[in-house]
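So for the sequence shown, the UniProt record's numbering puts the first residue at 1; every next one is plus one.
We put the beta carbon where it would ideally sit given N, CA and C, even for glycine.
The structure displayed is predicted, hence computed values, not measured ones.
Some notes on the structure that comes next.
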Amino acid sequence: MLEGQSTHRPPLFIGSDYGYWKNRMIMYIKGQDYHVWRIIANGPHIPTKTVEGATLVKLESEWNETDVKLIELNCKAMSTLYCALDPIEYNRVSGCDSAKEIWDKLEVTYEGTNQVKESKMNMLVHEYELFVMKKDENISEMSTRFTNIVNCLKALGKIYTNQENVRKILRSLPKRWEAKMTAISEARDLKVLTLEELFGSLMTYELEMNSKVEEEEVKPKKNFALKSSHHDHDNSEEERDEEEEIALMTRNFKKFLKKKKGFGRRFPKKGENKGESSKTETPTCYKCKKQGHYKNECPQVNKEKMKYKKKALKVTWDDSDESDSDNNSSDNEVANLCLLGYINESNISEDEHASFCPLAFQ
């Protein structure tokens, strides 16, 4: 894990991030001895004397105690700067005679001349004026980007007031922040509102908006579940309706069979009194020449028709099975409708029961 820098040694400059190193170095030197910083900023003290109205440089043997202390400050400043440079940067400034000369040479090398500084400042001012919040950018990222621009301009000598920075941030917000921007402008005094307070208020509002968006994303999932449940409920209702329709058809068909005259005529069974049936006139069939039924009720005619129907029914039943297996239809929804008929075979006597033939339609 990275640790903080020590206050007992100057920050090291390795040829990159000069602005970062410069600010840290200024604070370090001022904290150690403010007089050292004055020597770096203003230049070294040069002992002088006045002879017959002319100013002359003192010889080293002529220095007094004050001159020695001021010269020591320059040496101390040069030593501090040397300790903060790597070998490559040290070679760049090793020929300088004062701390100010070292400092100025580093500035020109990494910040440029005054003309270069002016060009950089113009570019940063243009970037400041066109500053807006990006589409996929949050408040924290926007504040970092804006602060970097302001600090670079300040290092080049262009300083904006706090009120100007606050108004610039409000103007840079996108349309979705319009309500919050209006609320801040009306409720707060922009002359006293600091940039840090503004960013804090915007971050709080951003968290609230993000929580609402997450809640709205959860709601469609619930609606989808309800919709699926409702769809299953509709399917069950359709199945019940189909079963009711089949049951209704069965009841109506049974009523039809009961009302059908002459359908399924029943002949006397064993144990019945033949005399009672002989009281009425016995009909004669023109098909089989037997008595007891008409031609349309003749067992032979019905038997021939039944054979044909069984063959047709078998073919239909096989085709239906193949179609059902191909479509993977459910075997649970089955309704069977049985037609009951009593058929009197030609070789069956009147004392025997009529044969029972079930026909199942699926």
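Determine the DSSP secondary structure at residue i, reduced to helix, strand or coil.
i	result
Gln300	helix
Gln291	strand
Thr284	strand
Ile14	coil
Asn328	With a pLDDT of 46 at Asn328, under the threshold of 50, the modelled position of this residue cannot be trusted, and the question is left open.
residue 377	What the structure shows of the chain is the stretch from 1 to 362, and residue 377 is not part of that stretch, so it cannot be assessed.
Leu313	A caution first: Leu313 carries a pLDDT of 48, below 50, which makes its placement in the model unreliable, though a value can still be read off. Looking at Leu313 - three-state DSSP - the assignment turns out to be helix.
Leu81	helix
Arg133	It is worth fixing the name first, because residue 133 is Met in this sequence and not Arg. The answer is coil: DSSP assigns Met133 none of H, G, I, E or B.
Leu73	helix
Leu257	helix
Trp37	helix
Asn64	coil
Tyr160	coil
Thr147	helix
Arg9	coil
Gly31	helix
Ser44	Residue identity differs from the one stated: residue 44 is Pro in this sequence, not Ser. Of the three classes helix, strand and coil, the one that applies to Pro44 here is coil, per DSSP.
Thr113	coil
Asn122	helix
Cys152	helix
Asn138	coil
Ser94	coil
Asp241	helix
Phe224	In this prediction, Phe224 scores a pLDDT of 48, lower than 50, which makes its location untrustworthy; the coordinate-derived value is nonetheless stated afterwards. Helix.
DSSP puts residue i in a beta bridge; with which residues?
i	result
Lys49	Leu56
Do you know whose CA, among the options, lies nearest residue i's CA?
i	options	result
Asn138	Met209, Leu85, Asp97	Met209
Gly15	Arg145, Glu111, Met181	Glu111
Ile88	Ser98, Ala99, Leu106	Leu106
Lys120	Thr48, Phe199, Trp103, Lys158	Lys158
Asp33	Gly53, Leu70, Ala187, Ala54	Leu70
Val192	Glu164, Glu206, Val218	Glu164
residue 406	Lys76, Arg24, Tyr18, Thr109	A question about residue 406 goes unanswered here, because the residues of the chain that appear run from 1 up to 362.
Leu202	Ile40, Leu173, Glu127	Leu173
Leu124	Val68, Asn252, Ile149	Ile149
residue 416	Cys152, Tyr128, Ser94	The question about residue 416 has no answer here: the residues shown for the chain are numbered 1 through 362.
Lys168	Trp63, Asn114, Gln300, Val132	Val132
Met25	Pro44, Gly43, Gln5	Gln5
Thr66	Cys96, Ile46, Gly31	Ile46
Asn122	Val166, Thr161, Lys154	Lys154
Under a Cβ-count criterion, where at least 16 other Cβ atoms within 10 Å of its own Cβ denotes burial, should residue i be classed as buried or exposed?
i	result
Ser61	exposed
Pro10	buried
Cys298	buried
Ser143	buried
Phe146	buried
Ile184	buried
Thr80	buried
Val213	exposed
Asn74	buried
Ala187	exposed
Val51	exposed
Ala179	exposed
Leu85	buried
Ala247	exposed
Ala99	buried
Tyr20	exposed
Val36	buried
Leu130	exposed
His8	exposed
residue 365	There is no way to answer for residue 365, as the model of the chain reaches only from 1 to 362.
His293	buried
Lys289	exposed
Ala13	Before going further, note that residue 13 is Phe rather than Ala in the sequence given. By the neighbour-count rule (16 or more Cβ atoms within 10 Å), Phe13 is buried.
Leu207	exposed
Whole runs of the alpha helix (DSSP H) within the segment 165 to 202, excluding any shorter than 4 residues: List check, alpha helix (DSSP H) in window: 178 to 187.
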